[in-house]
Amino acid sequence: MFRVANMDFIPEYRQVESHEFVSMANKLQNVVSSVYRTSPVARLYKQAIISDLSNNNKGGLLVSFWMVFVIPQVKSTSVCDECVEAILRDSVGASLQNRSSIGYLLGLPVDIDSILINSVQRSDYTSSTGGSQCVDKLYANILGASVPLSIYSSWGGVNCQVKLTSVPDSLIRLTITSFVIEPSDCVSDALTVYDALLPMRGRILHSLCEPVSSPVSIVSTSNIMLLSFRMTGDNKSFKGYFEAINDKVCLSQIETQSDGNIYSPFYPSLLPPKCSCTWKFKTPSPHLGVALRFQNYVLKAKDIQGCNNGWWKVNEVIFCGSYVGYHTVFRIDHPSPEVEFLCSSSSSAQPFQASYSSFNISHPCPESHFLCNTGICVEKSRLCDGLDDCGDESDELFCSRPTINCGSKNPPHALLVCNGEVDCIDGSDEINCTEEATCSEIRYRCRSGACILKKNAKCDDAPDCQDGSDEADCACGLPAFKKVGLQRIVGGVNAVEGEWPWQVSLHFDSNLYCGASIISSEWLVSAAHCFSKDRLSDPRYWMAYLGMLVQGSARHAAEIQRIVVHEYYNANTFDYDIALLQLKKAWPPSLSPLIQPICLPPSSYTVTDSYRCIVTGWGYRFEDDKVLPSVLQKAQVSITNQVECKKTYGIISPRMICAGVPSGERDACRGDSGGPLSCQAPGGGRWFLMGIVSWGSGCGRPNLPGVYTRVTKFTPWIYSHIS
Numbered sequence: 137m138f139r140v141a142n143m144d145f146i147p148e149y150r151q152v153e154s155h156e157f158v159s160m161a162n163k164l165q166n167v168v169s170s171v172y173r174t175s176p177v178a179r180l181y182k183q184a185i186i187s188d189l190s191n192n193n194k195g196g197l198l199v200s201f202w203m204v205f206v207i208p209q210v211k212s213t214s215v216c217d218e219c220v221e222a223i224l225r226d227s228v229g230a231s232l233q234n235r236s237s238i239g240y241l242l243g244l245p246v247d248i249d250s251i252l253i254n255s256v257q258r259s260d261y262t263s264s265t266g267g268s269q270c271v272d273k274l275y276a277n278i279l280g281a282s283v284p285l286s287i288y289s290s291w292g293g294v295n296c297q298v299k300l301t302s303v304p305d306s307l308i309r310l311t312i313t314s315f316v317i318e319p320s321d322c323v324s325d326a327l328t329v330y331d332a333l334l335p336m337r338g339r340i341l342h343s344l345c346e347p348v349s350s351p352v353s354i355v356s357t358s359n360i361m362l363l364s365f366r367m368t369g370d371n372k373s374f375k376g377y378f379e380a381i382n383d384k385v386c387l388s389q390i391e392t393q394s395d396g397n398i399y400s401p402f403y404p405s406l407l408p409p410k411c412s413c414t415w416k417f418k419t420p421s422p423h424l425g426v427a428l429r430f431q432n433y434v435l436k437a438k439d440i441q442g443c444n445n446g447w448w449k450v451n452e453v454i455f456c457g458s459y460v461g462y463h464t465v466f467r468i469d470h471p472s473p474e475v476e477f478l479c480s481s482s483s484s485a486q487p488f489q490a491s492y493s494s495f496n497i498s499h500p501c502p503e504s505h506f507l508c509n510t511g512i513c514v515e516k517s518r519l520c521d522g523l524d525d526c527g528d529e530s531d532e533l534f535c536s537r538p539t540i541n542c543g544s545k546n547p548p549h550a551l552l553v554c555n556g557e558v559d560c561i562d563g564s565d566e567i568n569c570t571e572e573a574t575c576s577e578i579r580y581r582c583r584s585g586a587c588i589l590k591k592n593a594k595c596d597d598a599p600d601c602q603d604g605s606d607e608a609d610c611a612c613g614l615p616a617f618k619k620v621g622l623q624r625i626v627g628g629v630n631a632v633e634g635e636w637p638w639q640v641s642l643h644f645d646s647n648l649y650c651g652a653s654i655i656s657s658e659w660l661v662s663a664a665h666c667f668s669k670d671r672l673s674d675p676r677y678w679m680a681y682l683g684m685l686v687q688g689s690a691r692h693a694a695e696i697q698r699i700v701v702h703e704y705y706n707a708n709t710f711d712y713d714i715a716l717l718q719l720k721k722a723w724p725p726s727l728s729p730l731i732q733p734i735c736l737p738p739s740s741y742t743v744t745d746s747y748r749c750i751v752t753g754w755g756y757r758f759e760d761d762k763v764l765p766s767v768l769q770k771a772q773v774s775i776t777n778q779v780e781c782k783k784t785y786g787i788i789s790p791r792m793i794c795a796g797v798p799s800g801e802r803d804a805c806r807g808d809s810g811g812p813l814s815c816q817a818p819g820g821g822r823w824f825l826m827g828i829v830s831w832g833s834g835c836g837r838p839n840l841p842g843v844y845t846r847v848t849k850f851t852p853w854i855y856s857h858i859s
């Protein structure tokens, strides 16, 4: 698409059958064709088809068009998005003058900054140009007036497209109230919203691949939007409405004598890729600063990486925002700060809100309170109590080992009570462990909602909850193969068939790419970074091989139905590095001796420092290795103290766990990502998935342990998707 400057839009252009549209479309098609028929891709170029002429918020005429190329079987490298776009840009750029963005194509004034060309699927082209009955155009000519939308699979099309436009100098807000499809990871059923009138990959605002439980609102960056609804089968539908809204400046002057709230632009709608807001605060005293309390958002100083989830400038200092699963407080040590926010995501992003208040700059927390790294104030009595009160464990770092207090009037420390290890000679710290107690993250919660003191109660073959729920759903973590004693396992040795029946080999485009673990008959768990790029997130390119010892000998091969990447995954820090994969076809029960799920640990489950676990995978055996092993490898590693690991790497979050050996001789490496860190319960009990191979510094380097996703932090999230 491109924008023609200095040309008026007329209402007749909305009707493609009108004489005015046909006349202008023919003129524009000739201009585009004249460029490409004299270009390096002339022999491949077939035609240009003008799809839409629309007004826009910058004035002039916005031209949306298709170009058709006939490509031989051996794909030409010259017909890439960037190559084709460069041809048009060069033609316009040759006539740019006086630092203007307006150049000329055969006398036609074109804005070079508006040129965007994307390749698309053939189905997108045919559904738009093939005379489909499932295409509609709607126009909002009054600000704030709702225009209803309803699409049903009875329309008869596989791809339905609805083109929305609104009056100039407005934006479009789409609200989805009902969405009935089969969850499919946007492969078969999906609603894709574009910031354009054609299905341009570079202008995707949002994609919905699952039914919605509450309304979802999406805002465009201009006065156009395209809805592409892909559906298979009957009984699929989408309902909602759209409206034209003001593209108003977001600027607020805030006095902080009382508390209040600030909101992201267009709240509660999703953030568009382009938006901004400025808040100017003023406290009643020069000794007071401004505190912003976020529910699931954090601001950190910008580093060499870009800001993917919000760019902030606070008194000329740049910060980046990111989404997290805990509360934070951003404190500004200035009585009258100016806070500027810019949207920085390539597509729509989650909205945010923050409450504001003033605080004493010299004493940010009340007496007897501790200031967390997250900006939250907690009572000093809660330091080193085993509970993450700060959200980043800063209240639990640098804690000395708790005093046992055996035989004294003071009870043993909560971390030592009923942790499965006898600390007192008389065993008093491990008695009465099935008694109900106040619930916390370090106590096991029964299905009834009651909590017990015993931390590792899940699937230990001893009923501890009154309702017996701790021993429910325990068909996991017990391989038929009897393992060799842990003391004899060395790093990088071949596994035996059936030894690790939950191990999965994930192949992308027929090549080993990552590992995964079986957690149910149809679900796998892996690392989010395995699927972080566009093509990697498409389940159609993936295969899962189960019950396999030697590559190529899988007992069960399964296609992937859906990939669910954690919504807070941070590609820069590898925080929240977890993903779920749903199989298209469950593995047959007859293969259960060789294919079994591993047990998921509850949030309360603990393993102590130096506890020995096993990492498995088909990844490289050393850092400079060039050949992947064909046989599944296993290596014993020990859990590393969290404080020591944080000293080593500095960026270890509470959702990470470290494991290795001081010599570095046993470790995970490239190709093992997403695979399991399996830890066996004491006494030869079941195996639990304590970690997912995530990242590290090289492979097998001394004093540089591997870093794993801490599964106990994600058990509720996992069950929310697979239950």
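Residue numbers 137 to 859, in the numbering used here, belong to the letters of the sequence shown in order. Yeah, the Cβ is synthetic: ideal placement off N, Cα and C, and Gly gets one too.
Roughly how many angstroms separate the alpha carbons of residue i and residue j, rounded to a whole number?
i	j	result
histidine 155	isoleucine 354	34 Å
lysine 782	proline 841	11 Å
histidine 334	aspartate 272	Checking the sequence shown, residue 334 turns out to be leucine, not histidine. Taking the straight line from one Cα to the other gives about 13 Å.
isoleucine 146	cysteine 296	27 Å
valine 626	isoleucine 454	Summary for valine 626: the model assigns pLDDT 36, below 50, so the residue's position carries little reliability; its value from the coordinates is reported in the next sentence. Each residue's Cα considered, the two are about 48 Å apart.
leucine 197	valine 298	20 Å
serine 356	glycine 755	44 Å
alanine 608	glutamine 816	18 Å
methionine 792	proline 487	26 Å
arginine 537	proline 798	22 Å
isoleucine 497	isoleucine 468	8 Å
asparagine 79	proline 675	Outside the displayed span of the chain (137 to 859) sits residue 79, for which this structure offers no information.
threonine 574	histidine 549	15 Å
serine 564	glycine 556	12 Å
glycine 753	lysine 849	23 Å
cysteine 270	valine 220	30 Å
tryptophan 415	asparagine 192	29 Å
leucine 164	serine 789	55 Å
arginine 624	serine 726	For arginine 624, the predicted structure reports a pLDDT of 34, less than 50, and the residue's modelled location is therefore unreliable. A value from the coordinates is still provided. In a straight line, the C-alpha of arginine 624 is about 32 Å away from that of serine 726.
proline 838	aspartate 260	53 Å
glutamine 209	cysteine 666	30 Å
cysteine 569	aspartate 597	15 Å
arginine 748	threonine 776	10 Å
Starting from residue i, trace the beta strand (DSSP E) in both directions and tell me its first and last residue.
i	result
arginine 366	360-366
phenylalanine 477	474-478
alanine 771	769-775
cysteine 413	412-418
methionine 160	First-last for methionine 160: 155-172, but that is the alpha helix (DSSP H), not the beta strand (DSSP E).
cysteine 322	From DSSP, cysteine 322 is part of no beta strand (DSSP E); its letter is neither H nor E.
glutamate 391	387-391
phenylalanine 649	Looking at the sequence shown, residue 649 is not phenylalanine but tyrosine. Element bounds for tyrosine 649: 647-654.
serine 662	659-662
Output yes or no for whether 8 Å exceeds the beta carbon distance between residue i and residue j.
i	j	result
lysine 372	valine 316	yes
isoleucine 588	tyrosine 580	yes
serine 250	arginine 139	yes
glycine 613	phenylalanine 824	yes
alanine 664	tyrosine 705	yes
glycine 376	threonine 313	yes
glycine 807	leucine 648	yes
valine 323	leucine 244	no
isoleucine 185	phenylalanine 205	no
Terminal residues of the continuous alpha helix (DSSP H) containing residue i?
i	result
arginine 225	217-229
glutamate 346	Segment: none, glutamate 346 is in no alpha helix (DSSP H) and carries neither H nor E.
serine 856	851-858
cysteine 781	778-785
According to DSSP, residue i sits in a beta bridge with which residue or residues?
i	result
alanine 573	Cys587
threonine 742	For threonine 742, which the question treats as bridged, DSSP gives no partner whatsoever.
tryptophan 447	Cys456, Leu478
valine 434	Ser458
Examine the Cβ distances between the stretch 510-524 and the stretch 414-424 and report whether three or more of them are shorter than 8 Å. When C-beta atoms of the stretch 510-524 are compared with those of the stretch 414-424, fewer than three pairs fall below 8 Å, so the two segments do not count as touching.
Practice item. Assess, as a yes-or-no matter, whether the stretch 775-793 is touched by the stretch 634-652 under the definition of 3 or more beta carbon pairs within less than 8 Å. Key: Look at the beta carbons and you see the stretch 634-652 not touching the stretch 775-793: under three pairs across the two are nearer than 8 Å.
Does the stretch 738-749 come close enough to the stretch 686-703 that 3 or more CB-CB pairs lie under 8 Å? Not touching, per the Cβ criterion.
Handout entry: contact_flag[the stretch 300-320, the stretch 169-180] where n(CB pairs < 8 Å) is 3 or more
Key = The stretch 300-320 and the stretch 169-180 do not touch, with fewer than 3 CB-CB distances between them shorter than 8 Å.
Report task. Decide yes or no for the touch test of the stretch 228-240 against the stretch 277-287: beta carbon pairs closer than 8 Å, at least 3 of them. Result -> Touching, no.
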